[in-house]
Amino acid sequence: TDPALIRNFCIIAHIDHGKSTLADRMLQITGVVDDRSMRAQYLDRMDIERERGITIKSQAVRLPYDGHVLNMIDTPGHVDFTYEVSRSLQACEGAILLVDAAQGIEAQTLANLYLAMNADLHIIPVLNKIDLPAAQPEKFAEELAGLIGCDPSDVLRVSGKTGEGVRELLDHVVREVPAPVGRADAAARALIFDSVYDTYRGVVTYVRVVDGHLGKRERILMMSTAATHETLEIGVISPEPRPAELGLGVGEVGYLITGVKDVRQSRVGDTVTSAVKSAGEMLAGYEHPKPMVFSGLYPIDGDEYPELREALDKLQLNDAALVYEPETSAALGFGFRVGFLGLLHMEIVRERLEREFGLSLISTAPNVIYRVIMEDGSELTVTNPSEFPTGGKIAQVFEPVTKSTILAPSEFIGAIMEICQGRRGNLLGMDYLSEDRVEIRYTLPLGEIIFDFFDQLKSRTRGYASLDYEPAGEQEADLVKVDILLQGEPVDAFSAIVHREKAYAYGTEMAKKLRELIPRQQFEVPIQAAIGARVIARENIRAIRKDVLAKCYGGDISRKRKLLEKQKEGKKRMKMVGRVEVPQEAFVAALSTD
Ligand code: GTP
């Protein structure tokens, strides 16, 4: 295709503002999907995406329109997946900034807009859902125009649901988004913006060709790893994969298949070139996503450990952001310490493990990465609280911090500030987007955000506040490890790293919870919370005499045996912590957040 006829664009928006629905209409209007095969959220292919109504993976699709080729890239809207957005942006020249006409600008609207501006994209502001009775297009057109510095009349208005205005939007894309520019006769350079594992075809790599040409049966070179492969198939998605006999030229977006089996061999952000005529310089890639949140994952049934390992291996083939290593817990047995991009990513991975692989899992409370400097100058990275050093030899502890942006109606300013102050937030600034909507910026420790922050924010603002955060380095903090001990034995799964001021609250709450959950034993069991050797809270489980034979009055022998057998079975699902028997359910219940 002549690059002059190509338009590469993406749709960026806050979650639920209607990207996928708008993409559906575009598929229909351009005739790529006929009305009979149309289904809602056509491009969300994973079950879990469709059920939750969210987009996790980006999707690229080629739309023929009015003599042009439009490549549309649908992107996820959730904060955990920002890295997916930024990689997609690199493959485009334009971005549709979609805003719900009944909601207005939200935190991810801003975050995505800044990413698009950094990538130098032409931005098309669009209000969606104008069919809604609650839509306020005048008000929000003004807000949006104020934000990007255009005239309110330049803000397009559409309904992804009814299709109103969508044709005009496509015409606008053709007119306003710049055509791609690249050197057709130069050595090939293509940017990998996504990489997906498919059971039948192996890894499918999505690329945007910048210079030159990539063809079938060509030896290609992955520039960051220096690995070479042969392209077995190359093509475009429209909306199903369609091989392109002529290959892909300047400005084109499509896929290639080389037979590799692991997405890490075809890394997002890498540059593909020809192995025969190689480009000298890589395209500016982007950073590899870094796990930010860690949690221990254990099978409830210890025998399922090999299955859990296999399931994680499989998920990782398709999710380069997922990292894990084996871990042993005295309380929970064999499992893994798993790193995630954020809480949603964590939830999704866990749900897929349980649903797609039929596993029952316990996970420990999520934590962030801490950097600990010891007095002797040595340094260690802690991703598991039970590995936090105890004793007086710690010189400094650093925790990751975020720059967080909260958007909400101004009546909630007080409530929001109260929550943020309570979580060691530092106010950076505040701006009014309109007379009744405000943007509040804070630095907040990531460890405070992953602990129930979003739920609190939502409940204190009746669901009106939205939150976005980005990593902003680290800060020193007065953090301590609180251990929970049963009869003097620490239970590693319950150790937590908390700020010194919150240690007492955590310890008391956990001790209380466990007292309710752990059944009485034949001896008294003290539950203690401690910082190092110093006990900060204590509860007691009183002793009982649990003699099952007492009821039998020494009579029938076979009845006695049966009872003993039953007791043995019950014990199987018990874990021993020192001499204390703790039922599996107690761990599950104590670790579940409520
Ligand atoms: P993520 O993929 O999770 O980021 O969401 P999204 O932005 O793709 O939103 P999606 O298209 O799933 O739409 C969110 C909700 O808004 C769905 O319930 C849609 O039916 C509804 N919706 C989308 N567009 C319109 C519209 O134009 N009008 C009305 N009334 N509802 C819409």
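Residue numbers (our numbering): 1124 to 1717.
We put the CB at the ideal spot given by N, CA and C, even for glycine.
Given the structure is predicted, the values throughout are model-derived calculations rather than measurements.
Apart from sequence neighbours up to five positions away, the residues of its chain that approach P1523 with a beta-carbon distance below 6 Å are V1491, L1569, E1597, ordered along the chain. Checking the DSSP bridge columns, you'll see M1553 partnered with I1563. A distance of 8 Å or more separates the beta carbons of I1607 and R1643. One alpha carbon belongs to T1584, the other to A1660, and they sit about 34 Å apart. For N1251, the beta-bridge partners assigned by DSSP are D1223. With distances taken between CA atoms, V1327 lies nearest to P1364 out of P1303, P1364, G1403, L1292. Less than 8 Å divides the Cβ of L1279 from the Cβ of V1249.
DSSP assignment within the region 1452-1514 yields the following whole alpha helix (DSSP H) runs of 4 residues or more, N-terminal first: 1466-1479. The ligand GTP never approaches K1384 closely enough for any of its heavy atoms to be under 7 Å from the residue's Cβ. The beta carbons of Y1493 and I1620 sit closer together than 8 Å. If you look at V1520, you'll find it in the beta strand (DSSP E) that goes 1517-1532.
Taking each of F1511, L1212, R1560, S1501 in turn and checking the Cα distance to F1316, the smallest one comes out for L1212. For Y1421, the beta-bridge partners assigned by DSSP are I1485. Nearest Cα to M1346 within the set A1652, Q1388, T1631: Q1388.
Close CB contacts of K1400 within its chain, under the 7 Å cut and outside five residues either way in sequence, are with A1310 (chain order). Its Cα nearest to that of V1300, the residue E1216 stands out among A1239, A1136, E1216. Using a Cβ distance threshold of 8 Å, Q1519 and E1599 count as a contacting pair.
One Cα belongs to A1709, the other to Y1629, and the distance between them is close to 17 Å.
Taking non-hydrogen atoms of the ligand GTP into account, the C-beta of N1235 is found less than 7 Å away from none of them. In this structure M1469 is buried. Its beta-carbon is surrounded by 16 or more other beta-carbon atoms within 10 angstroms. Selection I1246, R1547, A1350, K1252 evaluated against D1277 yields I1246 as nearest (Cα-Cα). Residue R1148 holds the alpha-carbon nearest to the alpha-carbon of L1292 among A1402, R1148, N1549. With respect to the C-alpha of T1124, the residue from A1225, P1303, V1561 having the closest C-alpha is P1303. The ligand GTP has no heavy atom closer than 7 Å to the beta-carbon of S1589.
Where G1374 is concerned, there is no enclosing beta strand (DSSP E), because DSSP gives it neither an H nor an E. Excluding the 5 residues flanking it on each side, D1254 has same chain C-beta neighbours closer than 8 Å at S1282, K1284, T1285, E1287, in chain order.
In this model, E1612 and V1658 are separated by some 13 Å (Cα to Cα).
Judged by their CB atoms, L1220 and N1251 are not nearer to each other than the 8 Å cut-off. In the structure shown, S1318 falls within a strand segment according to DSSP collapsed to helix, strand and coil. For the region 1275-1340, the full-length alpha helix (DSSP H) segments reaching 4 residues or more read 1289-1299 along the chain.
Residue nearest to L1431 within the set A1453, A1214, A1242, G1458 is G1458 (criterion: CA-CA distance). About 5 Å separates the Cβ atoms of I1529 and L1590, confirming a contact at the 8 Å cut-off.
Not one heavy atom of the ligand GTP sits closer than 7 Å to the Cβ of D1554.
By a beta-carbon distance limit of 8 Å, M1633 contacts A1652. Their separation comes to about 6 Å. A direct Cα-to-Cα measurement between G1141 and A1218 gives close to 15 Å. When the beta-carbon positions are compared, F1511 and K1604 come within less than 8 Å of each other.
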